[in-house]
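Accompanying notes for the structure given below.
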Amino acid sequence: MHTSLYRRYRPQTFGEMVRQEHVVKVLQNQIEQNAVGHAYLFTGPRGTGKTTVARIFARAVNCERPVNGSPCGECAVCRALSEGSLDILEIDAASNNGVNEMRDLREKVQYPPVSGKYKVYIVDEVHMLTDSAFNALLKTLEEPPAHAIFILATTEPHKIPATILSRCMRLDFKLIPEEDLETHLKRILDGMGKEYEEEAVSAIARAGAGSDRDMLSIAEMCIAYEDKLTYRGVSEVLGAADFSETLALAEALLISDMPTALEGVERILSSGKSVGVLLKDLMAQLNRIAVAKTCRTAEKLLSLPKEQFAKLKAVADKADGRAVLRATEVLARAETDMRFVSSPRVCLETAVMRIALPEEDMSTDALLVRLNALERKLQEGAFAVPSAQAASGAQTAARETVAPTTAPPAGAPAAAAPVQASKFTAAPPAETPVQAPKSTTAPAAAAAGAGYEDKPPFPDEEPVFEEAYFADEPAPKKAAAPVQAAKFTAAPPAAAPVQAAKPAAAPPAGAASPAGAGAEVTFGKFVRTLRKTSRNGVLFTMCSDLMPVFEGGTLVLYTESGTVARSLARAEHRAVMAEVFAQVGVTDFDVRLKGADAPKAVNAAEQLKRDFPDYPIEIK
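Numbering (our numbering), first residue to last: 57 to 676.
Structure representation (structure tokens):
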């Protein structure tokens, strides 16, 4: 008669156990120290070795010459127990769950063992007992005869009354890692002389999901399917989609290639795979991609063959993190909705289209995915202006530029009107730099360009195109960079030719000038220097949103937030800002709350009304 693999290769000693070292060590030490308890509770998932350990322990406590806490298998007692004995009784609580069965057990437990020292009762699926049965067992379990040992096994310990739990020594069994399952299966296959592929063994171990018995049951089916274990054969037996097919489908979804994605769904379902299995396999594949993208130890965590992991890593490196999360969430919702629809396939294909078309989804996650895609295209130069076109546009703009011929009044801050540049700019080719025409009056030209820098406000920083995977908050705003008068990176719009700024007249003493180029440029220097010198990200974020205005020689920074104003008024923040401003040439600055001077204006108006009572004064 054929014997199943999980029965044929059931461990006979503690040393043959697959993991569960924490349980085995406790039981071995108790046997060697002759400190065996009277009641044990074995809990854990199915197929992790609870009944097997109970049987080994039952033989070991009766063995005449135990070896490292394990039965020797050679003494008369071990031979008698292996052939069947009345000293080891296994009770299935699922079918013997009534109070009468427990009363019968309570009566028979008084009889001494036949050949060994102990009479061991193994009660499997003990959570199936009724409340009355538990009550009947309670007293016996608490104070059994000296020759009786109870071992209760269950997968659901939460269903056992607390009165029972408190009378047992609880040992929790854990799921077996895939690596150990693979090693165990390879050892069995090598012993059988069975040829196999590494990918096939890995797939069977993954399908076992931490259960040795489930893995061996699946392996037995696969062995019967073909002479040599292959990955394709295992996939056919399990009804799962091929790894390469699901990976290609996941990649198509993440790059928004809807035709390829729908073709992949059709191809997989046409091969006989069910919609539910494909959905679960696809979600598992997206989970692997997320792990490969975020974890440095992904290869060890995923336990995939090197070839499969290399393919997965290549897809993960190109994928957007937010897109992976969004795709997983959409499929999870589809899995829930699939229970209530008459056509699961339509539900799956709708989810696929929703993932591949983020522009049709107005959710926050979809918008973030679209923004990340645009930034990636910008970084890759997908919107760059061709070099010839850029050069031609730059030459045209240079010819239209007019340099001022009159120097600004002494003491007036240099102002320049910021130019609205094209949305996507491209630098001119290095071999043909475009220079703006020089003014015939050198002093005037130098005076006119006094408000400009030779470099943008952040010359040492590259454009930020971060993927912001799991970003908690948006990047801080940066001060707008003024456009250089002497260099053009792209042609401006034809309808708005670039004009050189006219010199600004000096404002009256004490009057507040608008935040022009001078204030913006100075503030840009300050923000850049602050970011370089200070490691205080909170201070940098608060300063980035300030509105700069020159009031005479004082650079006034306005904010609309009272919290920001109070925070910047603190001594430690004020000291850092003063130090940074000194580096950019500003000795006098102030931080004000926008609208805070309104009471002064009201008081002044009231005073005018009192001084001139005969004149109608209206405050708007």
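Positions of the beta carbon are idealized from the N, C-alpha and C atoms, including for glycine.
| Check | Outcome |
| --- | --- |
| Could you round the C-beta distance between Ser-291 and Ala-259 to whole angstroms and report it? I think they count as a contact, below 8 Å. | 7 Å |
| Can you look up Met-73 in the DSSP assignment and give me helix, strand or coil? | coil |
| Rounded to the nearest angstrom, what separates Arg-53 and Pro-122 at their Cα positions? | Summary: the structure shown does not reach residue 53, with the chain confined to residues 57 through 676, and so no result is reported for it. |
| For Asp-228 and Ser-267, what's the separation of their Cα atoms in angstroms? | 14 Å |
| I need the DSSP call for Pro-604, collapsed to helix, strand or coil. | strand |
| Classify Glu-139 as helix, strand or coil using the three-state DSSP reduction. | coil |
| Within the continuous alpha helix (DSSP H) that includes Leu-368, where are the two ends? | 362-374 |
| Ordered along the chain, which non-local residues of its own chain (more than five positions away) have a Cβ less than 6 Å from that of Pro-127? | Arg-115, Ala-116, Cys-119, Cys-134 |
| Based on the DSSP secondary-structure assignment, which residues constitute the bridge partners of Tyr-287? | Tyr-287 is not bridged to any residue. |
| Does DSSP put Glu-253 in a helix, in a strand, or in coil? | coil |
| Where DSSP assigns a beta bridge to Ser-126, which residues make up the other side? | Val-123 |
| Three or more beta-carbon pairs under 8 Å between the segment 336-349 and the segment 236-246, yes or no? | no |
| Please report how far the alpha carbon of Glu-253 lies from the alpha carbon of Asp-283, in whole angstroms. | 12 Å |
| Could you tell me whether the Cβ atoms of Tyr-174 and Ile-207 are closer together than 8 Å? | no |
| Does the beta-carbon of Pro-669 have 16 or more other beta-carbons within 10 angstroms, so that it is buried, or is it exposed? | exposed |
| Among residues of its own chain, excluding the 5 on either side of Ala-354, which ones have a beta-carbon nearer than 7 Å to its beta-carbon? | Val-347, Ala-348 |
| If you draw a straight line from the alpha carbon of Thr-286 to that of Cys-278, how long is it in whole angstroms? | 9 Å |
| Can you tell me where the alpha helix (DSSP H) holding Lys-242 begins and where it ends? | 234-248 |
| To the nearest angstrom, how far is it from the Cα of Asp-376 to the Cα of Val-82? | 48 Å |
| What would DSSP say about Tyr-62, mapped onto helix, strand or coil? | helix |
| State the beta-bridge partners of Asp-148 as determined by DSSP. | Asp-180 |
| Return the first residue and the last residue of the alpha helix (DSSP H) that Tyr-281 is part of. | 268-281 |
| Less than 7 Å between C-beta atoms, sequence neighbours within five positions excluded: which residues of the same chain meet that for Pro-217? | Phe-190 |
| With DSSP as the reference, label Thr-384 as helix, strand or coil. | helix |
| Give the single residue among Val-397, His-183, Ile-144, Gly-154 whose Cα lies nearest to the Cα of Pro-168. | Ile-144 |
| What is the rounded straight-line gap between the Cα of Leu-231 and the Cα of Gly-249? | 28 Å |
| I need the boundaries of the beta strand (DSSP E) containing Leu-231, first residue and last residue. | No beta strand (DSSP E) contains Leu-231, which DSSP labels as neither H nor E. |
| Sort out for me which residues DSSP pairs Ile-205 with in a bridge. | Val-176 |
| Buried or exposed: where does Ser-222 fall if 16 or more other Cβ atoms within 10 Å of its Cβ makes it buried? | exposed |
| Classify Arg-648 as helix, strand or coil using the three-state DSSP reduction. | strand |
| Leaving out the 5 sequence neighbours to the left and right, which residues in its chain are closer than 8 Å to Val-257 when beta-carbon positions are compared? | Glu-238, Leu-241, Lys-242, Leu-245, Leu-285 |
| Based on the DSSP output, what are the partners of Tyr-96 in its beta bridges? | Ile-207, Met-225 |
| On the three-state DSSP scale, how would you describe Val-397? | coil |
| Under 8 Å, do Val-162 and Ala-192 count as touching if we go by C-beta distance? | The residue asked about is misnamed: residue 162 is Arg in this sequence, not Val. Yes. Within cutoff. |
| Which term fits Gly-71, buried or exposed, when burial requires 16 or more other beta carbons within 10 angstroms of its beta carbon? | exposed |
| Keeping to the same chain, check which residues put their C-beta closer than 6 Å to that of Glu-307; ignore five residues upstream and five downstream. | Val-371 |
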